[in-house]
Each structure stands twice: as structure tokens, then as C-alpha cells.
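Under our numbering, think of the first position of the sequence shown as 58, with each following residue one higher.
Idealized CB from N, CA, C, for every residue including glycine.
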Amino acid sequence: MSGLHSLKLNLSKLARCPAPVRIGAFLLILLLFWVPLAGPIVLLVRDPNLASILTLLLLYVEFIVLVRLWGLHVYRQPNVLWRYGLEFSRRSGQEWLTGWTIGAGSLFILFIAESLLGWLTWKPSTSLLQVVLEGLLMSTALAFAEELLFRGWLLDELQRDYVPTVALVVNATIFAAVHGFKVQFPALILLGATLVWAKRIHGERWFGGWRERLALPMGLHAGLVWGYYVVNVGQLIEYTDRVPNWITGVDRNPLAGAIGILFLLGLAVGIRQRTVADR
58 MSGLHSLKLN LSKLARCPAP VRIGAFLLIL LLFWVPLAGP IVLLVRDPNL ASILTLLLLY
118 VEFIVLVRLW GLHVYRQPNV LWRYGLEFSR RSGQEWLTGW TIGAGSLFIL FIAESLLGWL
178 TWKPSTSLLQ VVLEGLLMST ALAFAEELLF RGWLLDELQR DYVPTVALVV NATIFAAVHG
238 FKVQFPALIL LGATLVWAKR IHGERWFGGW RERLALPMGL HAGLVWGYYV VNVGQLIEYT
298 DRVPNWITGV DRNPLAGAIG ILFLLGLAVG IRQRTVADR
């Protein structure tokens with residue numbers, strides 16, 4: 058009991074530490090609990106894809122449990138998930154659907170524009186319904202997990218110490234870095250910033266502070282991932298190679314091409330114009 062009490066006291070002291078220390082401490086605790094459980098899964102499960110899914114699922118379950126304890130013992134906030142913007146309500150459902158429509162619709166507009174320019178052709182798919190349903194499930198789960206992590210917990214930690222603009226830049230850069238330093242790195246930074254702006258569209262006063270909701274960026278993220286999943290996994294398009302792949306996207310990834318960056322830039326400008334002014 059004394060050890061547990063000591064741990065709680067040490068956690069409460071973290072609230073006075075700078076953001077990099079708090080973030081590092083949280084991730085260290087998360088890994089200390091995750092690695093001993095994830096290791097046996099990797100060793101015992103023969104299917105690499107199944108092992109990857111199980112370890113990631115375990116990671117996000119532990120993240121949600123830890124983040125609730127983090128809010129309770131570090132900040133004395135038992136409703137920290139609500140503070141992050143996680144809300145299950147009719148209002149949030151409408152915002153999620155709006156974001157999903159914008160994300161999926163914008164991506165298909167991009168592909169349609171490329172087909173009109175003669176850069177790609179559409180192909181039929183015999184498994185389209187299956188791909189659509191799989192993509193919807195996968196994209197919703199992925200967007201929920203990543204937005205709760207990046208635009209929920211991480212953004213909240215940054216905004217406790219830094220002005221909104223600095224918090225946005227750091228959040229977007231970390232988001233891109235976690236996904237790898239690849240050709241699409243600049244596009245991922247822009248996407249990360251767009252998702253922060255999407256969260257800031259809907260804000261409200263809360264006990265003298267300011268709270269932003271996660272439903273819109275979750276929907277936007279899910280819509281973008283779903284659209285790409287359906288087109289890519291469903292093999293709905295074939296590039297004609299009339300223009301170099303640095304324009305349409307390296308390795309069939311639109312975010313790794315000039316047209317994809319321009320598409321994201323337009324989406325970012327449209328979202329940014331609707332955000333609540335920096336406080």
C-alpha cells in the first residue's frame with residue numbers, strides 16, 4: 058500500500074513538469090506495461106498480420122486504461138477523456154459524419170479529376186462490397202485510436218504548456234514522424250495540422266477553460282483512410298503513366314505526389330478558414 062501511495066504522489070508531481078517530461082514519462086509507463094505482454098504474442102502467434110493486429114489492439118487498450126489513470130492521478134481529472142474531446146452524442150455523430158463525408162468525398166474528387174486528365178483509368182472489382190465494409194471497420198478503428206492519441210492526449214499535453222500555434226506544429230510533426238520519414242512526410246505534417254484545425258472548429262467554454270471535440274477530425278481521418286483503402290485494396294484504378302509518379306504519387310500513394318500535396322493544401326485551407334480563432 059505504501060508503494061502504491063508513493064507512486065500516486067510521484068505521478069501527481071508530474072503535473073508540474075514541462076510537457077516533454079510528462080510525455081516521455083507517459084510513453085515509458087505505457088511501454089513498460091505493453092512490452093511484457095506483446096512479446097509473447099509475437100513469439101506464439103505464427104501469423105505476422107494477426108500478431109500485429111493483436112499487439113496494436115493491446116497497445117490501444119492499455120493506452121485508454123493508462124490515460125484515464127493519468128488524468129485521475131496526475132491532473133485530478135476523472136473525466137479526462139471528455140476533456141480531450143471524446144464524446145458520444147448525437148452532436149458528435151453528426152460532426153463525425155460531416156468529417157467522414159468531407160474526407161472520403163474530397164479523396165474521390167481527387168481521383169475523378171485525375172481520371173478526367175487521363176492520368177488514371179477505373180477498373181471494375183468483384184469484391185467491392187467486402188472491401189467497402191472492411192475499409193469502413195478498419196478506418197473507423199484506426200481514426201478513433203490515432204485521433205484519441207494525437208489530437209486527444211498529445212495535443213492536450215502540448216496545449217497545457219504552449220500557445221496553440223506551437224502546439225499545432227509540434228503535434229503535426231510528431232504525427233508525421235511516427236508514420237515514418239518517407240516521401241509523404243511533408244504531406245503527413247500538413248494532414249496532422251489539418252486534423253488539429255478540424256478539432257478547433259467546434260469548441261466550447263468549460264469551467265473557465267476551452268474544450269474542443271474530436272468527432273470531426275475522427276470522421277475526417279476515417280473518411281480519408283476509407284477512400285484510399287477502397288481504391289487501393291479494391292484495385293479500382295490503374296495509372297496510365299502519362300505523367301511522372303512524383304506528380305500522381307510514388308508507389309500509388311497520392312500523399313507521396315505533388316497532386317496529393319495540392320489536394321491536402323486545399324483541404325487544409327478550407328478547414329483552417331472555419332476554425333475558432335487562436336486563443
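Can glycine 306 and glycine 160 be called in contact, C-beta distance under 9 angstroms?
The answer is no: Cβ separation not under 9 angstroms.
Report the three-state DSSP secondary structure of tryptophan 179 (helix, strand or coil). Under the three-state reduction of DSSP, tryptophan 179 is assigned to strand.
Requested in this report: Assuming glycine 260 and tryptophan 267 form a contact by the criterion Cβ under 8 angstroms, report the distance between their Cβ atoms to the nearest whole angstrom.
Outcome: Confirmed, Cβ separation roughly 6 angstroms.
Touch test, the segment 270 to 288 against the segment 162 to 169, Cβ-Cβ under 8 angstroms, three pairs minimum: Contact between the segment 270 to 288 and the segment 162 to 169 is present, with at least three C-beta pairs closer than 8 angstroms.
*Nearest-angstrom Cα distance between leucine 194 and alanine 76?*
Using only the alpha carbons, I get a separation of about 34 angstroms.
For the structure I just gave you, are there three or more beta carbon pairs, one from the segment 123 to 142 and one from the segment 181 to 189, closer than 8 angstroms? No: the two stretches stay apart, fewer than three of their Cβ pairs being nearer than 8 angstroms.
Tell me whether tyrosine 11 sits in a helix, a strand or coil according to DSSP, three-state version. Lying outside 58 to 336, the shown extent of the chain, residue 11 is not represented and no answer is given.
Per DSSP, glycine 260 is paired with what?
The partner list for glycine 260 (beta bridge, DSSP) reads Glu269.
Just to confirm, is the Cβ distance from phenylalanine 90 to tryptophan 210 under 9 angstroms? Between phenylalanine 90 and tryptophan 210, the CB-CB gap reaches or exceeds 9 angstroms.
Inset, instruction - Quick one: using the 10 Å Cβ neighbour count with 16 as the cut-off for buried, is glycine 317 buried or exposed? - result: By the neighbour-count criterion, in which 16 or more other beta carbons inside 10 Å mark a residue as buried, glycine 317 falls on the buried side.
Pairwise C-alpha distance: phenylalanine 168 and valine 92: Distance between valine 92 and phenylalanine 168, taken at the CA atoms: about 41 angstroms.
Q. Touching or not, the segment 235 to 243 and the segment 148 to 157, by the rule of three or more beta carbon pairs under 8 angstroms?
A. Between the segment 235 to 243 and the segment 148 to 157 there are fewer than three C-beta pairs closer than 8 angstroms, too few to call the two in contact.
Margin query: Let me check understanding here. Comparing Cα to Cα, which of Leu190, Ala272, Leu174 and Leu322 lies closest to leucine 245?
Written below: A check of alpha carbon separations from leucine 245 across Leu190, Ala272, Leu174 and Leu322 identifies Leu322 as the nearest.
Span separating the alpha-carbon of leucine 324 from that of arginine 257: One C-alpha to the other measures close to 15 angstroms.
Helix or strand or just coil, what does DSSP make of valine 102?
Valine 102: coil per DSSP, three-state reduction.
- Item | Closest residue to tryptophan 179 among Gly314, Ala315 and Asn289 (Cα-Cα distance) | When only C-alpha atoms are compared, the closest one is Asn289.
Query - Beta-carbon proximity of alanine 200 to glycine 276, cut-off 9 angstroms - result: Less than 9 angstroms separates the beta-carbon of alanine 200 from that of glycine 276.
Legend entry - Endpoints, the alpha helix (DSSP H) within which glutamine 241 is located: Where glutamine 241 is concerned, there is no enclosing alpha helix (DSSP H), given that its DSSP letter is neither H nor E.
- Query: What are the boundary residues of the alpha helix (DSSP H) that leucine 221 is part of?
  - Reply: Checking the sequence, you will find proline at residue 221 rather than leucine. Taken as a continuous stretch (DSSP letters only), the alpha helix (DSSP H) holding proline 221 covers 221 to 235.
message = Which residue marks the beginning of the alpha helix (DSSP H) containing glutamate 144, and which one marks its end?
response = For glutamate 144, no alpha helix (DSSP H) run applies, since DSSP gives it neither H nor E.
With distances taken Cα to Cα, identify the nearest neighbour of leucine 215 among Gln151, Arg103 and Tyr141. Scanning Gln151, Arg103 and Tyr141 for the CA closest to the CA of leucine 215 turns up Tyr141.
Q) For the putative contact between phenylalanine 120 and leucine 71, defined by C-beta atoms under 8 angstroms, what is the C-beta separation to the nearest angstrom? A) By a beta-carbon distance limit of 8 angstroms, phenylalanine 120 does not contact leucine 71. Their separation comes to about 17 angstroms.
Which residue comes first and which comes last in the alpha helix (DSSP H) that contains leucine 193? Run containing leucine 193: 185 to 204, per the alpha helix (DSSP H) assignment.
request  = Enumerate in chain order the residues of its own chain whose CB-to-CB distance from valine 137 is below 6 angstroms, with the five nearest sequence positions on each side excluded.
outcome  = Contacts found: Gly128.
Check: Between valine 102 and the rest of its own chain, which residues show a CB-CB distance below 6 angstroms, the 5 nearest in sequence each way excluded?
Finding: Only Ala108 meet the Cβ criterion.
Note to self: Using only the alpha-carbon positions, how far apart do histidine 130 and asparagine 106 sit?
What the structure shows: Computed Cα separation, rounded: 36 angstroms.
field: Own chain residues within Cβ distance below 7 angstroms of serine 149, not counting five before or after
entry: Here the set comprises Arg270 and Ala272.
**OP:** Using the Cα positions of leucine 225 and isoleucine 294, report the straight-line distance between them to the nearest angstrom.
**Re:** Computed Cα separation, rounded: 35 angstroms.
Rounded to whole angstroms, how far is the Cβ of glycine 314 from the Cβ of tryptophan 303, which I believe are closer than 8 angstroms? That belief holds up - the Cβ atoms of glycine 314 and tryptophan 303 are roughly 6 angstroms apart, short of 8 angstroms.
Chain-order list of residues whose beta-carbon lies under 7 angstroms from that of serine 196 (same chain, five-residue window excluded):
Excluding its 5 nearest sequence neighbours in each direction, serine 196 has C-beta neighbours in its own chain below 7 angstroms: Ala279, Val282, Trp283 and Tyr286, listed in chain order.
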